[in-house]
Amino acid sequence: MVSAPMTDSPPASPAAARPEREWPLDQHGFPIMTGAQMVTCSLEAEGVDLVFGYPGGAVIPLYDALPAANLHHVLVRFEQWAALAADGYARATGRVGVCMATSGPGATNLVTGLANAQLDSVPVVAITGQVNQSLIGRDGFQEVDIQGITLPVTKHNYLVRRLEDIAPTIKEAFYLARSGRPGPVLVDIPKNLFQAKGSFIYPAETGRRGYQPTQTPNQRQVRLAAEMIDAAKRPLIMAGHGIMLANATAEFRQFVEKSGIPIAFTLLGLGCFPEDHPLSLGMMGMHGHRETNAALNECDLLINIGARFDDRATGRLDDFAKNAKVIHIDIDPAEIGKNVYADVPVVSDAREALEQLIPLITERTRDEWTDWIATQRNVALIRALEDQPDGPEPYTIIKELAAVTNGEAIVVTDVGQHQMWTAQHYGFNYPDRWLSSGGLGTMGYGLPAAIGAKMGRPDLEVWTVVGDGGFQMSLNELATCMQEGLDVNIAVINNGFLGMVRQWQDLFHAKNYSEVQILAPDFVKLAEAYGATGIRVTKASEIRPAIERSRSIKGPVVIDFVIDPEMNVWPMVPPGGSNNEMMFEQFGDEERV
């Protein structure tokens, strides 16, 4: 018996082993197999054991090969959720997520998920079927130019034209997805190539010589950065997702504690450093903490590590950190100088840059600076959070969730007000346990990404916090949870509105609530209809018991937290405003956020 030659790619996690397959051999001793079998063997060679997908005409031959492969296929209920489940799997595990779809609508349904992965730098490989090569360009049934469609939303994509190119293309797709700045890669394969037979030779390395991402920083730039850090009186770190993508959290902690510099987190940077550490200021930007944005306005040096100066973090660029010089460390040279001028640009993997930077900086504390930042905290907020209202308030729900789970769960959110409340109040102390759609803001993300996270990390508790709007986009994935027997806990923050849009209409459009009231089903009965457990919470006293009960139940649980319909997320930077123009809710004679 001869199997495909293997590489030194990352090992697969344990999967249900199938009997070893026997292949006929060619004259050189290589196995002869169909193109579909080449795909599955290529995935195995890359250490893949889990794929998310939905079958259809062009990929029937591929699905014919799946039962014999060492791959577990998760049947989602819509292709977009396959891409987002692969995204959640990748974020939770650090491995490449894989999704599959058929041609035409199957492929186009992946596009939003691929765009989501592209904007958030998540390694995903999508394999799509295409019509037979003889029909390409003839508007055949379910033919679309998915290569052209996904060109702007993938790191790279391919249309495979020859049988012998299947294995090298998949090898290259995984290399591109996981290396440099990670991202999604799509491989489109015509149906006739799935059915054709030939020799399978899996390459030991890729042949893309023109792609050589910079991993190691320029040493002169690192020295300049160290000198600037030591000279600064009010430095601030802007911590981004790239720190976790580079597996640099240990080095980052060493850098922070040696330099004594406080940290402002981007939305996706949460978790790269413990939020309960004295140097953690919390999230920056549109819904960031007041003291964090105040520090941005007053700092004399901003050290951006692994973030791209997104507008939700910076506010109006003309007023962003206007008193500061900027050091920008990023693996993608296209991001440096794109939005904010960098006085010292460092093109590098975050871990390698930090490893070189740490020995060059002086160990010190910055008490005067951190003491000033502490004076900017909103004491009215602290008092407000100590209130015990009769009805469940969103930040109380999030804080109870953090307390009951000891902050150790993977927390996935959908997009909207609940996303911001979770980012503000959970307190993330571990890397890769905060999953959210940042750049694209994809409603419906929460449940499918939680499925991917739970399947990738079955050892960890998984919660998804969703709104009643976003949840209704992807709640059909409850069927997938049931089919896979997943312990996924779903906290629905139910206000009867598309909450964030309503908030903008409230504050900036004279309460003209246009098409934002949303009728929802009875979420308890809905859960029960799928065979899951449903719980409703209408009082603050019921929050903790509901969370504790959910944790004790095997299988998916939906908790319907019914909150005040018109509660807003505070603070808020108005659209087009700068971070020092934050709006606050009034609480008596004091500001309340």
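Residue numbers (our numbering): 72 to 664.
Every residue, glycine too, gets a C-beta built ideally from N, C-alpha and C.
Report the three-state DSSP secondary structure of C370 (helix, strand or coil). Along the sequence shown, read from residue 1 onward, the residue named residue 370 stands at position 299. If DSSP states are grouped into helix, strand and coil, C370 belongs with coil.
Can you check the stretch 190-261 for any alpha helix (DSSP H) of at least 4 residues that lies completely inside it and give the ranges in chain order? 217-221, 237-249
Report the option in D503, W534, E117, L190 whose CA atom is closest to the CA atom of E471. Position 400 of the sequence shown holds residue 471. Comparing Cα-Cα distances from E471 to each of D503, W534, E117, L190, the minimum goes to W534.
Following the continuous beta strand (DSSP E) through I481, name the residue where it begins and the one where it ends. Residue numbering aside, residue 481 sits at position 410 when the sequence shown is read from its first letter. Here the beta strand (DSSP E) through I481 covers 481-484.
Report the residue from P132, N228, D158 whose alpha carbon sits nearest the alpha carbon of V122. Here residue 122 corresponds to residue number 51 of the sequence shown, with the count starting at 1. With distances taken between Cα atoms, V122 lies closest to D158.
Ordered along the chain, which non-local residues of its own chain (more than five positions away) have a Cβ less than 6 Å from that of H104? As a working note, residue 104 is residue 33 in the sequence shown. The sequence given here places Met at residue 104; His does not occur at that position. For M104, where only same-chain residues beyond five positions count, the Cβ hits under 6 Å are W94, F271.
If I follow the unbroken beta strand (DSSP E) through C170, where does it start and stop? Position 99 of the sequence shown, counted from the first residue, corresponds to residue 170. First-last of the beta strand (DSSP E) with C170: 168-172.
What does the Cβ neighbour count give for G647, buried or exposed, with the cut at 16 atoms within 10 Å? Within the sequence shown, numbered from 1, the residue matching residue 647 stands at position 576. Exposed, because fewer than 16 other Cβ atoms sit within 10 Å of the Cβ of G647.
Go through its chain and collect everything with a Cβ distance to P16's Cβ below 6 Å, but skip five positions before and after it. In this structure the chain extends from 72 to 664, so residue 16 is not present and cannot be described.
DSSP puts L506 in a beta bridge; with which residues? Here residue 506 corresponds to residue number 435 of the sequence shown, with the count starting at 1. V483, per the DSSP bridge assignment.
Could you check where the beta strand (DSSP E) with S270 kicks off and where it finishes? On the sequence shown, position 199 is the one that residue 270 refers to. That run of the beta strand (DSSP E) goes 268-270.
If you reduce the DSSP assignment to three classes, tell me which class T551 lands in. The residue given as residue 551 occupies position 480 in the sequence shown. Residue state, collapsed to three classes: helix.
Decide yes or no for the touch test of the stretch 183-203 against the stretch 140-160: beta carbon pairs closer than 8 Å, at least 3 of them. Counting Cβ pairs under 8 Å, three or more are found: they touch.
Alpha carbon to alpha carbon, how far is L338 from N364? Give it in angstroms, no decimals. Sequence index remark: in the sequence shown, residue 364 carries index 293 (1-based). Sequence index remark: in the sequence shown, residue 338 carries index 267 (1-based). Here the alpha carbon of N364 sits roughly 13 Å from the alpha carbon of L338.
Closest residue to E637 among I481, G251, I564, K596 (Cα-Cα distance): Looking up residue 637 in the sequence shown gives position 566. Nearest option by C-alpha distance: I564.
Label P102 either buried or exposed according to how many other C-beta atoms from any shown protein chain fall within 10 Å of its C-beta, with 16 as the threshold for buried. By one-based count along the sequence shown, residue 102 stands at place 31. That one is buried.
Which runs of the beta strand (DSSP E), 3 residues or longer, sit entirely within the stretch 287-321? Contiguous beta strand (DSSP E) elements confined to the stretch 287-321 occur at 306-310, taking only those with 3 or more residues.
CB-CB under 7 Å to K329, same chain, minus the five flanking residues each way: which ones, in chain order? Here residue 329 corresponds to residue number 258 of the sequence shown, with the count starting at 1. Taken in chain order, the residues that qualify are I429, I432, E434.
Taking only three categories from DSSP, how would you classify W534? As a working note, residue 534 is residue 463 in the sequence shown. Strand.
Under the three-state DSSP convention, the category F123 falls into: Walking along the sequence shown from the start, residue 123 turns up at place 52. DSSP places F123 in strand when its eight states are reduced to three.
Would R162 be called buried (16 or more neighbouring beta carbons within 10 Å of its own) or exposed? Start at 1 with the first residue of the sequence shown, and residue 162 comes out as number 91. Result: buried.
Taking only three categories from DSSP, how would you classify R607? What you label residue 607 is simply residue 536 of the sequence shown in a count that begins at 1. Here R607 sits in strand by DSSP.
Using DSSP with H/G/I as helix, E/B as strand and the rest coil, what is A88? Working through the sequence shown from its first residue, we reach residue 88 at position 17. Per-residue confidence for A88 stands at a pLDDT of 43, beneath the threshold of 50, marking its modelled position as unreliable; the derived number appears in the next sentence. Looking at A88 - three-state DSSP - the assignment turns out to be coil, as it is neither helix nor strand.
H580 by DSSP, collapsed to three states: which one? By 1-based counting over the sequence shown, the position of residue 580 is 509. Assigned with DSSP and collapsed to three states, H580 falls in coil, not helix or strand.
According to DSSP, what are the bridge partners of D401? Here residue 401 refers to the residue found at position 330 when the sequence shown is read from its first residue. V418.
Contact check, A392 vs C370 under 8 Å by CB: the rounded distance? What you label residue 392 is simply residue 321 of the sequence shown in a count that begins at 1. What you label residue 370 is simply residue 299 of the sequence shown in a count that begins at 1. At roughly 6 Å, the Cβ-Cβ gap stays under 8 Å, so A392 and C370 are in contact.
Which stretch, first to last residue, makes up the beta strand (DSSP E) that contains F632? On the sequence shown, residue 632 is found 561 positions in, with the first residue counted as 1. Segment 628-633, the beta strand (DSSP E) holding F632.
With DSSP as the reference, label A275 as helix, strand or coil. The residue labelled residue 275 in the question sits at position 204 within the sequence shown. In the structure shown, A275 sits in coil (DSSP, three-state: anything other than H, G, I, E or B).
Who does H360 pair with in a DSSP beta bridge? The residue you call residue 360 lines up with position 289 of the sequence shown. None; H360 has no bridge partner.
Backbone CA spacing between A524 and V258 [nearest angstrom]: Taking the first residue of the sequence shown as 1, we reach residue 524 at position 453. Taking the first residue of the sequence shown as 1, we reach residue 258 at position 187. Their backbone Cα atoms lie some 23 Å apart in a straight line.
What does DSSP give as the partner residue(s) for G386 in the beta ladder? The count along the sequence shown starts at 1 and reaches residue 386 at position 315. Note: G386 sits in a beta bridge opposite S649.
Tell me which same chain residues have a C-beta within less than 6 Å of the C-beta of I308, skipping the five on either side of it? On the sequence shown, position 237 is the one that residue 308 refers to. Answer for I308: I332, I334, I374, listed in chain order.
Quick check on F212: buried or exposed, where buried means 16 or more other Cβ atoms within 10 Å of its Cβ? Here residue 212 refers to the residue found at position 141 when the sequence shown is read from its first residue. Residue burial annotation: F212 is exposed, with fewer than 16 other C-beta atoms found within 10 angstroms of its C-beta.
Touch test, the stretch 506-514 against the stretch 476-488, Cβ-Cβ under 8 Å, three pairs minimum: yes
Measure the alpha-carbon distance for D414 versus T609 and round it to whole angstroms. Your numbering for residue 414 matches position 343 in the sequence shown. Your numbering for residue 609 matches position 538 in the sequence shown. Roughly 53 Å separates the two Cα atoms.
Just to confirm before moving on: does the CB-CB distance between G515 and M544 stay below 8 Å? To locate residue 515, count along the sequence shown from 1; it is residue 444. To locate residue 544, count along the sequence shown from 1; it is residue 473. For G515 and M544, yes; Cβs fall inside 8 Å.
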